[in-house]
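Residue numbers (this note's numbering), protein chains in the order written: chain R, 3 to 357; chain E, 39 to 326; chain L, 126 to 484.
Okay, structure first, notes after.
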Amino acid sequence: MARIEVNHIRHSYLPNPQKDSDFALKEVHHTFEDGGAYALLGPSGCGKTTLLNIISGLLHPSHGRLLFNGRDVTNLSTQERNIAQVFQFPVIYDTMTVYDNLAFPLRNRRVPEADVDRKVRETLDMIDLASMANRKARRLTADQKQKISLGRGLVRSDVNAILFDEPLTVIDPHMKWVLRSQLKQLHRRFGYTMVYVTHDQTEALTFADRVVVMYDGEIVQIGTPAELFERPRHTFVGYFIGSPGMNVLPVSLDGRTAKLGAQRIELPGVPKAEAGAVELGIRPEYVRLGREGMAVQVSKVEDVGRHKVVRANLEGREIAAVIGEDDEVPAEPKVRFNPAGINIYADSWRVEIGA
Amino acid sequence: MDKTWNNKAWFLVLPMLVLVAFSAVIPLMTVVNYSVQDTFGNNVFFWASTEWFEELLHSDRFWEAMVRNLIFSFIILAIEVPLGIFIALNMPKKGWGVPVCLVLMALPLLIPWNVVGTIWQVFGRNDIGLLGYYVNALGFNYNYVQDPFDAWVTVIVMDVWHWTSLVVLLCYAGLVSIPDAFYQAAKIDGASRWAVFRYIQLPKMQRVLLIAVLLRFMDSFMIYTEPFVVTGGGPGNSTTFLSIDLVKTALGQFDLGPAAAMSLVYFLIILLLSWVFYTVMTNYDAER
Amino acid sequence: MLELRNVTKTVGAQEHIRDVSLTLQHGSLNVLLGPTLSGKTSLMRLMAGLDAPTSGSVWFDGKDVTGQKVQKRNVAMVYQQFINYPAMTVYENIASPLRVAGVEQARIDKEVRNAAALLKLTPYLERTPLSLSGGQQQRTALARAIVKNASLVLLDEPLANLDYKLREELRAELPKMFAATGTIFVYATTEPHEALLLGGNTATLSEGRVTQFGPTVEVFRKPVDLVTARTFADPPLNAIVLSKKGSDFLLEGGVKLPVPPELNGIPDASYTIGFQPHHLSLERPNASAVPVRAKVTITEITGSESFVHLDFADARWVMLAHGILDFETDDEVEVFIDPRHIMVFDQNGRAVTASKLAA
Chain R
3 MARIEVNHIR HSYLPNPQKD SDFALKEVHH TFEDGGAYAL LGPSGCGKTT LLNIISGLLH
63 PSHGRLLFNG RDVTNLSTQE RNIAQVFQFP VIYDTMTVYD NLAFPLRNRR VPEADVDRKV
123 RETLDMIDLA SMANRKARRL TADQKQKISL GRGLVRSDVN AILFDEPLTV IDPHMKWVLR
183 SQLKQLHRRF GYTMVYVTHD QTEALTFADR VVVMYDGEIV QIGTPAELFE RPRHTFVGYF
243 IGSPGMNVLP VSLDGRTAKL GAQRIELPGV PKAEAGAVEL GIRPEYVRLG REGMAVQVSK
303 VEDVGRHKVV RANLEGREIA AVIGEDDEVP AEPKVRFNPA GINIYADSWR VEIGA
Chain E
39 MDKTWNNKAW FLVLPMLVLV AFSAVIPLMT VVNYSVQDTF GNNVFFWAST EWFEELLHSD
99 RFWEAMVRNL IFSFIILAIE VPLGIFIALN MPKKGWGVPV CLVLMALPLL IPWNVVGTIW
159 QVFGRNDIGL LGYYVNALGF NYNYVQDPFD AWVTVIVMDV WHWTSLVVLL CYAGLVSIPD
219 AFYQAAKIDG ASRWAVFRYI QLPKMQRVLL IAVLLRFMDS FMIYTEPFVV TGGGPGNSTT
279 FLSIDLVKTA LGQFDLGPAA AMSLVYFLII LLLSWVFYTV MTNYDAER
Chain L
126 MLELRNVTKT VGAQEHIRDV SLTLQHGSLN VLLGPTLSGK TSLMRLMAGL DAPTSGSVWF
186 DGKDVTGQKV QKRNVAMVYQ QFINYPAMTV YENIASPLRV AGVEQARIDK EVRNAAALLK
246 LTPYLERTPL SLSGGQQQRT ALARAIVKNA SLVLLDEPLA NLDYKLREEL RAELPKMFAA
306 TGTIFVYATT EPHEALLLGG NTATLSEGRV TQFGPTVEVF RKPVDLVTAR TFADPPLNAI
366 VLSKKGSDFL LEGGVKLPVP PELNGIPDAS YTIGFQPHHL SLERPNASAV PVRAKVTITE
426 ITGSESFVHL DFADARWVML AHGILDFETD DEVEVFIDPR HIMVFDQNGR AVTASKLAA
């Protein structure tokens, strides 16, 4: 396994990129630590797959260097980088058995057959497919095929990293849970360096120790799931992570208070916002709906099973609040913001709140 | 997949049924009629029972033509399929080269059969034909009119030239439908060029290859126009395939009874082949 | 009103739809929920008239339309793949059903522009679909379904190929778009939470059968059988087979789970107990909650919450807990089951409820 350094990498699909907007990846500079589980999260077109393909060597970056354990691999081929990759749609060798599919990468590298057999059997146990070793791979279900794709990576002892490109897209919801937790267990047990590309926040947050949020060819924030939830650095992260996303309200500041229309909201401290458009961000989970606080008009209550999402109007702004599954909306609903959940943004970027 | 039923639809099908009756069923009945009768002309017919069929099945001429036909089909398949795959593999997958190659490939398929025959008939002549002249100039004694071997070579080269494109186009369609992820995964797995072909491209082409092989086999089994134009079945009977033999019998000798029996047998063989084609294809799809 | 009466569809030896009866009202939103190959698409094809049922009949507003062609039924369908006419502009794509119907130009223009505004496509009307993003392409397909003013709109996993956030937005907008038109709206999905977010009614499908049909939240909270409960659970339903003795279900380790008071009359036997992940908790939620010791297999954090996967005896459970928990694999934890929130199923998988007991 390896530490992967992405050193000032820029990439454009155009032959002669001029402007910043010509670049699919504007500039990415980041180190993926050895044995870490990372997710690259963002909407389509944000450059996450481009970055993944640069790491795997399927793409050669326009600028910058890529290092594995300090060694420059920018000009090495995919084979020479010794990485494994699982794609969106399961890639299996149709005509081969499950066993032969797993043996394929080893036989290509002329590993002695005795070692091949040992490694393949180990891997079959790891991915829970030992009982299907002699089945034709094309007869399996989508989730089993996806495990074979993964297995072809795990079988190699020299793998530097395992890369995933939206691997659960074609898997049914129930199997997604099973596959995801198996993946996480494999990571815990064997300490692979894993990079997982997805647009699905639940997949990213549950899989990764650290999530890299990307937007428009750049990294917006890198953090643990808790950091991304509680302290989004940019309003985009607030919006993109969380379901529903963070409420973002334009406010004006007056010391420790934020003014929203006629309402005054107490802040935990004085924000260090110098200039620019100031906004207050608060997640629906931190909005308390009750009989005290600022009056709102409730427009809709969505019962999503384990809780309810209340859509309301506060000073002419749409806001969302989360209440418990057995909670009711009071007759004259009012909201309060839990100060612990308040973030202040100037020009969309988060500012510190001082004492 | 069955569709919604609709009684009015039958009225729309009716003209087609009438047409099929006139174009296929009635002539076929005529042939059946001829095949069990004998005539000395003047529209006087005698019941001949299965005489013509027995004669046919014991006729060396028929079996020789049949064997010739099988050998021919086998040779052109052995050339056209690998060659077609090879060309398809080397065709560009994107860019301006794609339409150019596709048009070039489609060209021979657009030429009428008899024109193909005429082209090669002239092309191969050693007096005025470009090919025939230069092959002889190079010191080979090439003369498809006199030498059976040369005649075979000419007919085979002509068929390869005419029909390899079909195999190429089918294979190409199979190849471009393979998602990029397969090639990327193969790279990551360290697969050699041969392994990529053997484990990704070939399996993905399997279906279209099956179609190509069966189509080409049936088609070559029915070949008539081109060899007829080039060699007329000669020299001797060396390139007399089943269809040429049939026409010789029917029109050349005006042996209507034997010709009709032969037509029916020929027809049954083709029918049998179509059935095999159909069964193999449906089994293959069911297995998928 | 669309009625399916005992509809069955067999293709070859396979039964794709088994004896389905459903009644869908005008102006209603109906979700078909079930895993891949459970029969959602087959059922939609039968509703649309693309296929005819092998047996049973389809009725529309009191008229038997079984076997009637799809062209005559005024149906709109949107698929998972973004299906548009690639050579036409977005404008022409949206206008196409009106052109087919021979509507005059002035009205076409008005309706196309209305639909485009509703779906935020106005800036792209002169572009071709392939130059647009996936979300915009699917919006174009949806706009075409809207202008058609169909009496039946069928959406087959329309958001499956879109980004998560885009899905969230379109999902919220979709019911609104069709709400005013009095259309019968049918939406197929594999994802339970999508059904909950859409609301309306839900029919759960399993192996070609509709296992339950009713208001979405009711189906979710009060499934009539185990199959429905499993279909409508994401993460997978927590379940365990227990034997009942007197007023308790017996758990491993001598722990007793009290039978909900309203079910006290059920005979002693073996039952399957099911409960939702958020009804398993680390703190005692109330006095009657029962503690059990389970082993952690893995913890997944979603930001504000954690999914803790647990092994209890042979059962695999998921607990949804507030806050960020970081248990190690194989940690033993004490978790509480709230007997007020358990679902009880008999040996045939039928839900045991108080009303059934009374009957």
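For glycine and all other residues, C-beta sits at the position ideal for the given N, C-alpha and C.
In the displayed model, L:W442 falls within a strand according to three-state DSSP.
In the three-state DSSP reduction, L:M202 falls in the strand class (E or B).
Annotation for R:Y194: no beta strand (DSSP E) segment contains it, and DSSP assigns it neither H nor E. Contact of E:F220 with chain R by beta-carbon distance below 7 Å involves V93. Leaving aside the five residues that flank L:I219 on each side, the residues in its chain whose CB is nearer than 7 Å to its CB run, in chain order, V237, A240, A241, T265, A268, R269, V272. Look at the region 171-223 of chain R and you find these whole runs of alpha helix (DSSP H), each 4 residues long or longer: 175-192, 203-209. R:Q299: not part of any alpha helix (DSSP H); member of the beta strand (DSSP E) spanning 299-305, first to last residue. Separation of the CB atoms of R:K178 and R:I94 is rounded to 19 Å, and the pair is thereby denied contact status at 8 Å. About 16 Å separates the CB atoms of R:R285 and R:L269; that is not less than 8 Å, and the two are not in contact.
For L:N155, no alpha helix (DSSP H) run applies; the uninterrupted beta strand (DSSP E) run containing it begins and ends at 154-158, by DSSP.
Annotation: Cβ neighbours of L:K290 in chain R (cutoff 7 Å, chain order): P45, F242. For a Cβ distance threshold of 8 Å, residue set I423, T454 of chain L lies close to R:R190, ordered along the chain. Its Cα nearest to that of R:V8, the residue R:R67 stands out among R:A323, R:Q299, R:P335, R:R67. DSSP places L:M468 in the uninterrupted beta strand (DSSP E) bounded by 468-470. Setting aside the 5 residues that flank it on each side, L:V190 is surrounded in the same chain by V183, each with a C-beta closer than 6 Å to its C-beta; the list follows chain order. Within chain E, I226 have C-beta atoms less than 9 Å from the C-beta of R:I85, given in sequence order. Check the Cα spacing between L:I462 and each of L:R418, L:G428, L:S431, L:D456: the tightest is with L:R418.
Taking L:D359 as reference, the option from L:T133, L:P160, L:V278 with the minimal CA-CA separation is L:P160.
Contact between R:P234 and R:G283 holds: CB atoms are separated by about 7 Å, below the 8 Å threshold. Chain L has no Cβ within less than 7 Å of the Cβ of R:G263. Residue pairing of L:G390 in beta bridges, as defined by DSSP: absent, with no partner found. Taking each of L:A394, L:R355, L:E128 in turn and checking the Cα distance to L:F374, the smallest one comes out for L:A394.
In this structure, R:L230 is the residue among R:L230, R:G219, R:P175 with its C-alpha nearest to the C-alpha of L:I449. Chain E has no Cβ within less than 7 Å of the Cβ of R:Q184.
In the DSSP assignment, L:P340 falls within the beta strand (DSSP E) that extends over 334-340. Counting only residues of its own chain and dropping the five nearest sequence neighbours on each side, L:A438 has a CB closer than 6 Å to the CB of E377. For E:G212, the uninterrupted alpha helix (DSSP H) run begins and ends at 186-214, by DSSP. With fewer than 16 other Cβ atoms from the protein chains shown falling within 10 Å of its own Cβ, L:H447 counts as exposed. L:Q139 has L:V136 as its beta-bridge partners, per DSSP.
By the criterion of a C-beta distance shorter than 7 Å, R:V199 is surrounded in its chain by L42, K50, T51, L54, F166, D167, E168, once the five residues flanking it on both sides are discounted.
The region 168-179 of chain E makes no contact with the region 201-217 of chain E; the number of CB pairs closer than 8 Å stays below 3. Three or more Cβ pairs drawn from the region 359-371 of chain L and the region 172-191 of chain R lie within less than 8 Å of each other, which places the two stretches in contact.
Per DSSP, R:W351 is one residue of the beta strand (DSSP E) stretching across 351-353. Contact check between the region 255-270 of chain E and the region 301-319 of chain E: three or more CB pairs, one atom from each, fall below 8 Å, which counts as touching. Residue pairing by DSSP places R:A323 opposite R:V312 in a beta bridge. In the structure shown, R:G240 falls within a helical segment according to DSSP collapsed to helix, strand and coil.
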